[in-house]
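The structure under discussion appears below in the form of structure tokens.
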Amino acid sequence: MQERYYQKEIETMPVEEIKKLQSEKLVKQVKHVYENVPYYRDLMDQKGVTPADIHGIEDLHKLPFLTKADLRDAYPYGLLAKPLSECVRIQSTSGTTGKRVVAFYTRHDVDLWEDCCARAITAVGGTNEDVCQVAYGYGLFTGGPGLNGGSHKVGCLTLPMSSGFTERQIQFMMDLKATILCCTPSYAAYIGETLQEQGYKPEDIPLKAGIFGAEPWTEEMRRGIEQTLGIKAYDIYGLTETTGPGVSFECSEQTGMHINEDHFLAEIIDPDTGEVLPEGSKGELVFTSLDKEAFPLLRYRTRDICVLSRKKCSCGRTFIKMTKPMGRSDDMLIIRGVNVFPSQIETVLLNEGYQPNYQIIVDRVGNTDTFDVNVEMNPDQFTDTVSGVTALEKSLSEAMKTMLGINPKVHLVAPKSIVRSEGKAVRVIDKRKLH
Ligand code: DLL
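Numbered per the numbering used here, the sequence shown spans residues 7 to 441.
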């Protein structure tokens, strides 16, 4: 595939020029924030730093961090840097615990966000000849609106399906010959499963590419979706606080996501000490939005753990790349003292020939953690004898022990008995209430 760019000059800009641009934007942004947001002014004053101390990106480390707790404290208007009369949109996080985070956008902010999504769609080969089916949720969640806006900018025929109503998704996909599918990877897998059940083979499906993100997914899951749908599956990352999807996106190399560095300045820190780590280190991703007007963020701690790399990319883009988030510094499970990432369980399931339809249930009885994993059987196992199923459960539990260091109790359950998600899958039920 010939590499396409939405804004070639920016996306392939020499690194030194990107850094210069970032420095200029940072100086302006810090001034804008200090002058317009009392909450930030207080944080900066407490740290003894003023806009006069910030001359470029080399001074970034002088600024205080901002956390989700700050966003909640300042809810709803405390971090607003523009009058409401200049804001045209709000979006909100998909979080179900605590107070929601609301993000505000001026027209300029929506525009830059949609540019980022347009870059992602173009990077997977999207043009005005494509039919782009957006099956992320629409509404307060940023997935639908972001990719919808990007798809318009590219000039694709946009199918604003939102998530759910899978039969209807499939009917539109087939009748209107959708070529690009945008949704969560778990929903893409479910759509693939449903298509298969209806007797469609990969070559019957008009799709050529998928843009999947908003939740962790593994390389194994990518391969599964690619095979079932007969497409290339690309990752996309973002968070409501920094606009939404499109903060970073995958290119033809499919080896990590390019961060839109003209808008977002990335750092990796040690989540325990806050120390900035050198390129190539694994740590918590921190973003500074360089030119967002209404809801600018300086050094926002995402809690996502990943690695950054400036290794030359064959696609020609010069933007730094981030790996898939490898977990979150705050949702990693600690079970009987062992760190467990749900993505590790997913990897084992796919390696052992199961579908990634599972649920982890953690509880505490007395002082001991219980660790159960419900996994859907493959349809051919469903007819097995009880002793056969017990043997399969034991062997899966052993495979998980090799990966994690501890044995979960595995329960094979009937195919399709774990509730399918139309948005982000609920993989973990932690009944311990440790937070
Ligand atoms: O999930 C924005 C989005 C929509 C991204 C559509 C991609 C596609 P939030 O609901 O605020 O925003 O959740 C943000 O989701 O901090 C990550 O932990 C996780 N996340 C987002 N993209 C990925 C990804 C949207 N590609 C939080 N891989 C982030 C793994 C992801 N985790």
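C-beta: ideal position from N, C-alpha, C; glycine also.
Here the structure is a predicted model, which is why all the values come from computation and not from measurement.
When we look at the beta-carbon of VAL432 and count the other beta-carbons within 10 Å, is it buried (16 or more) or exposed?
-> Taking every protein chain shown into account, the CB of VAL432 has fewer than 16 other CB atoms within 10 angstroms, so this residue is exposed.
Excluding sequence positions up to five away, which residues of its chain have a Cβ less than 7 Å from the Cβ of GLY414?
-> According to the sequence provided, residue 414 is Pro. The question's Gly does not apply to it. In chain order, PHE377, ASP378, VAL379, SER403 and MET406 place their CB closer than 7 Å to the CB of PRO414, counting only its own chain and leaving out the 5 sequence neighbours on each side.
What first and last residue would you give for the alpha helix (DSSP H) that runs through ASP121?
-> 113-129 is the span of the alpha helix (DSSP H), which, as asked, contains ASP121.
Coil, strand or helix - TYR45 by DSSP = The DSSP-derived three-state label of TYR45 is helix.
For ILE461, which of HIS269, THR353, ILE274 and ARG307 has the nearest alpha-carbon?
-> Lying outside 7 to 441, the shown extent of the chain, residue 461 is not represented and no answer is given.
When the Cα of LEU163 is compared with those of ARG174, GLN139, GLU209 and MET180, which residue comes out closest?
-> With distances taken between Cα atoms, LEU163 lies closest to GLN139.
If we count Cβ pairs, one from each stretch, closer than 8 Å, do we get three or more for the region 68-83 versus the region 131-148?
-> Too few Cβ pairs lie closer than 8 Å, so no.
Beta-carbon separation of MET263 and ILE351 under 9 Å?
-> Cβ atoms of MET263 and ILE351: not closer than 9 Å.
Closer than 8 Å: ASP121 CB and nearest the ligand DLL heavy atom = No, the Cβ of ASP121 stays beyond 8 Å of every heavy atom of the ligand DLL.
Is it buried or exposed for ALA58, if we count other Cβ within 10 angstroms and need 16 for buried?
-> Counting Cβ neighbours within 10 Å, ALA58 comes out exposed, since fewer than 16 surround it.
Helix or strand or just coil, what does DSSP make of THR294?
-> Secondary structure of THR294 (DSSP, three-state): strand.
Along the chain, where does the beta strand (DSSP E) that runs through PHE178 open and close?
-> In this chain, PHE178 is not harboured by any beta strand (DSSP E); it is covered by the alpha helix (DSSP H) spanning 172-181.
For GLU92, the three-state DSSP class (helix, strand or coil) = Correct three-state label for GLU92: helix.
Note down, in chain order, each residue of its chain lying with its Cβ closer than 6 Å to the Cβ of GLY244, except the 5 sequence neighbours on either side.
-> Only residues of its own chain outside the window of five on either side were considered, and among them GLY250, PRO251, GLY252 and VAL253 have a CB closer than 6 Å to the CB of GLY244, listed in chain order.
Is HIS38 helix, strand or coil by DSSP?
-> Here HIS38 carries a helix assignment [DSSP, helix/strand/coil].
Within the structure, which residues are defined as neighbours of the ligand DLL by a Cβ-heavy atom distance below 6 Å, reported in chain order?
-> Any heavy atom of the ligand DLL counts here; residues with a Cβ closer than 6 Å to one of them, in chain order, are THR99, SER100, TYR142, THR148, GLY149, GLY219, ALA220, GLU221, PRO222, ASP241, ILE242, TYR243, GLY244, LEU245, THR246, GLY250, PRO251, THR308, ASP310, LYS330, PRO331 and ARG334.
Three or more C-beta pairs below 8 Å linking the region 296-305 and the region 322-341 = No, the region 296-305 does not touch the region 322-341.
Distance, GLU256 Cα to LYS232 Cα | The residue you asked about is not Lys; residue 232 is Glu in the sequence shown. Straight-line spacing of the CA atoms in GLU232 and GLU256 works out to 15 Å.
Candidates LYS288, HIS61 and GLU9: which alpha carbon is nearest LEU32's?
-> Checked all of LYS288, HIS61 and GLU9; the closest Cα to LEU32 is HIS61.
Could you tell me which residues DSSP puts in a beta bridge with GLU135?
-> Answer is none; GLU135 lacks a bridge partner.
Roughly how many angstroms separate the alpha carbons of LEU235 and ARG334, rounded to a whole number?
-> Rounded to the nearest angstrom, the two C-alpha atoms are 29 Å apart.
Going straight from the alpha carbon of PHE388 to that of ILE366, what length do you get?
-> Taking the straight line joining both Cα atoms gives about 21 Å.
Ignore the nearest five residues each way along the sequence and tell me which others in GLY411's own chain have a CB closer than 6 Å to its CB.
-> Cβ contact annotation for GLY411 (same chain, cutoff 6 Å, sequence separation greater than five): VAL344, in chain order.
In three-state DSSP terms, what is ASN380?
-> Three-state DSSP puts ASN380 in a strand.
Per DSSP, which one or two residues make a beta bridge with THR374?
-> Its beta-bridge partners are VAL371.
Count the other CB atoms, across all protein chains shown, that sit within 10 Å of the CB of LYS318; report buried if there are 16 or more and exposed otherwise.
-> Residue burial annotation: LYS318 is exposed, with fewer than 16 other C-beta atoms found within 10 angstroms of its C-beta.
What residue range is occupied by the uninterrupted beta strand (DSSP E) comprising ILE167?
-> In the sequence on display, residue 167 carries Met and not Ile. In this chain, MET167 is not harboured by any beta strand (DSSP E), its DSSP state being neither H nor E.
Tell me, please, whether the region 189-198 touches the region 215-233 by the rule of three or more beta-carbon pairs shorter than 8 Å.
-> Yes, the region 189-198 touches the region 215-233.
By the 10 Å Cβ neighbour count, where 16 or more other Cβ atoms means buried, how is LEU467 classified, buried or exposed?
-> Examination of residue 467 is not possible in this model, given that the chain is present from 7 through 441 alone.
May I have a chain-ordered list of the beta strand (DSSP E) segments no shorter than 3 residues that lie completely inside the region 187-253?
-> Counting only runs of 3 or more, we get 215-219 and 238-245.
Can you give me the Cβ contacts of PHE229 inside the same chain, cut-off strictly under 6 Å, excluding the 5 residues immediately before and after it?
-> Note that residue 229 is Arg in the sequence shown, not Phe. Counting only Cβ-Cβ distances below 6 Å, and skipping sequence neighbours, we find nothing.
Given a threshold of 16 other Cβ atoms within 10 Å of its Cβ, counted over all protein chains shown, does LYS400 qualify as buried or as exposed?
-> Note on LYS400: under 16 other CB atoms within 10 angstroms of its CB, so exposed under the neighbour-count rule.
Uninterrupted beta strand (DSSP E) stretches inside the region 328-353 (no shorter than 3 residues) = Entirely contained in the region 328-353, the beta strand (DSSP E) runs reaching 3 residues are, in chain order, 339-341 and 344-346.
Could you check the C-alpha separation between ILE237 and THR324 for me, to the nearest Å?
-> Each residue's alpha carbon lies about 26 Å from the other.
Out of GLU203, ILE274 and LYS207, state which residue places its alpha-carbon closest to the alpha-carbon of PHE293.
-> Among GLU203, ILE274 and LYS207, the Cα nearest to that of PHE293 belongs to ILE274.
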